[in-house]
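First the structure, in the form of structure tokens, and then the observations on it.
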Amino acid sequence: MQELNTINQAQLIEMYEARDALVNRINPEINSVIDLDRFLQATVNELGRQLGVDRCTVITPAKEGGFVVSYEYRASEDLKAGAGFHIPNSFIPKEAIYHRLPQVRHFAIDDIAKSDLPFWVRTTCQLIGTRSVLVAPFVARDELLGVIGLHYTEQPHHWTESEIKMVEWLAAQASIAMQYTQLYSEKEKEIALTKLMLEISNDINTRSDFNEIKDFVIDKALELLSADYGCIAILDTAGEQLHFDTIRARRGFDARRSIEARFREARSLRVPDHPVVREVMEEGTILKFETPKDSPLARYVLHNIIKGESALIAPITIKGNVFGILALVWAKEAARFSNYDVQLLGGISSQVGIALEKDRLAAEVVRLKRELNDVRSNERIIGSAPKLRRAIEMALSVADSSTTVLIQGESGTGKELIASLIQFNSRRVSKPFVKINCGAIPASLLESELFGHERGAFTDARARRMGKFEEANAGTLFLDEIGEMSLAAQVSLLRVLQDGEFTRVGGNEVIKTDVRVIAATNK
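When we follow my numbering, the leftmost residue of the sequence shown carries the number 27, and every step to the right adds one.
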């Protein structure tokens, strides 16, 4: 009996010595660095060496769901590496994750081969290569943060009380360290978020044009959150139609044009028909959809409305009233959103609301223009034939650029309507839209019509006159029946398109112009 007490005392002394060694090694990792990775790796290394086990691991929740072997010590390089081994959620019963493990202080198995174990426990041990195992959970506020485990791979092992107490103590220390690091990281993120919002606010304040602000906001959100594309949609005055106002895709996104064209063709959606959109409008909450598998609602939103794999949707509010939404979409791969991601998008959408709140009149102008353009676009072109829809899609795909467009088609097929569609969906929608039929003007007068003339340039030129290019400056010029234009006029037109400048007939002054040309011909 005395010999047994001597052994127990020796084990106890050994445990305290080992614990002191661990404290001396681990404390600097906590106090000076706030580096959870270094702390946990130091923990498994020291614990594994001190207790002489074959393997020591820390398993933590994986970003993609389930659990992963995040940190590992191996006594020999001959042992198969387990770091990175993923245990899917479907493999572990929810009761074990949310109820059993958070409630126990340790879980010891002397011999896997001789123990009556749940299937998932036995299989996990076999996959990792474990014969005997002792584990203790990291728990904070009844939430499972991870599990530390000691493993023997070849021989069974009887786990002593001192070993169990050591692992329980380390699990408690790890829980404190993880909470401490989490709080520190959250404070750092909070400071970084505040700084970032200030920078975005300053950038917005330097822009007076709301179209420029919208482009900047979406591009910034795409950059910060690594999304594929985003949009700002504006709610109409009746609160029933949500109009897709600005759609932007990140640079390098290979489906950029088709995405932008699809949203412009859709133009708007009825809020009462879409419960999730109505929820954003009514509740003013940020919604996140990480994968279509999350729920039937997520599948409906991502597949039928957003057309992506993941999405974040934040309301834009002015004095508590929802003005519209800011949505970001991940088109090809599902994303996992942290609280920081949600707060970041919420902060950006708030900055848009603040910018609009500063000028309520400008906000209403933006809303009414969007409604007017949507009505015009919907009323002018009627039809659902595949070729017509393809023509509309092509028109919308080039609408937001400044490139010159040539529309070909027989007379009476609606070339002017397509030109109007491009104009109403372009950045120049609020600028002049000037039309001229080149076939209805004599060749001798066409250059004067296009470029204007000086007084005395020809008979009856009694005063200086502006041409269509000057009238359309900063806007769009539609040249119908351009095939009827003379060669001389074509040369002058080509110079304008190439150099952005012209001279009036009979004049010498070079006039700079910024005009987008949309031409049409039946040839």
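Ideal Cβ placement from N, Cα and C applies to all residues, glycine included.
Owing to the predicted nature of the structure, the values given are computational and were not obtained by experimental measurement.
- The Cβ atoms of Pro298 and Glu335 lie no closer than 8 Å to each other.
- Per DSSP, the unbroken alpha helix (DSSP H) holding Gln76 starts and ends at Leu62 to Leu77.
- DSSP, reduced to helix, strand and coil, places Pro458 outside both helices and strands of the structure shown, so it counts as coil.
- Counting along the chain, Val536 sits inside no alpha helix (DSSP H); it lies in the beta strand (DSSP E) bounded by residues Val536 to Lys538.
- Rounded to the nearest angstrom, the gap between the Cα atoms of Ile202 and Lys221 is 29 Å.
- Contact between Leu476 and Lys494 is confirmed by a C-beta separation of about 5 Å, below the 8 Å threshold.
- Scanning the region 132-164 for uninterrupted beta strand (DSSP E) segments of 3 residues or longer gives 133-135, listed from N- to C-terminal end.
- Between the C-alpha atoms of Ala337 and Ser188 there is a straight-line separation of about 50 Å.
- Within the model, the alpha-carbon separation for Leu505 versus Asn499 is close to 14 Å.
- In the structure shown, Lys345 falls within a coil segment according to DSSP collapsed to helix, strand and coil.
- Taking C-alpha positions only, Arg521 is separated from Val541 by approximately 13 Å.
- In the three-state DSSP reduction, Ser336 falls in the strand class (E or B).
- For Arg325, there is no enclosing beta strand (DSSP E); the enclosing alpha helix (DSSP H) covers residues Pro322 to Tyr326.
- According to DSSP, residue pairing for Arg296 in a beta bridge involves Gln267.
- A distance below 8 Å separates the beta carbons of Ser375 and Ile342.
- A residue is called buried once 16 or more other Cβ atoms fall within 10 Å of its Cβ, and Asp63, having fewer, is exposed.
- When the beta-carbon positions are compared, Tyr97 and Leu73 stay at least 8 Å from each other.
- Remark: C-beta atoms of Gly373 and Val348 do not approach each other more closely than 8 Å.
- When Cβ pairs closer than 8 Å are counted between the two stretches, the region 157-172 is seen to touch the region 192-202, the count reaching three or more.
- Contact between Arg276 and Leu248 holds: their C-beta atoms lie close to 5 Å from each other, under 8 Å.
- In summary, Lys345 is exposed, with fewer than 16 beta-carbon neighbours lying within 10 Å of its beta-carbon over all protein chains present.
- Put simply, the backbone Cα of Glu480 is about 46 Å away from that of Ile258.
- Under the three-state reduction of DSSP, Ile258 is assigned to strand.
- Looking at the DSSP output, Lys314 shares a beta bridge with Leu338.
- Assignment of Thr220 by DSSP, reduced to helix, strand and coil, places it in the helix class.
- The Cβ atoms of Ile113 and Phe145 do not sit closer than 8 Å to each other.
- Sequence-distant Cβ neighbours of Glu436 in its own chain, meaning closer than 7 Å and more than five residues away, are Asn548.
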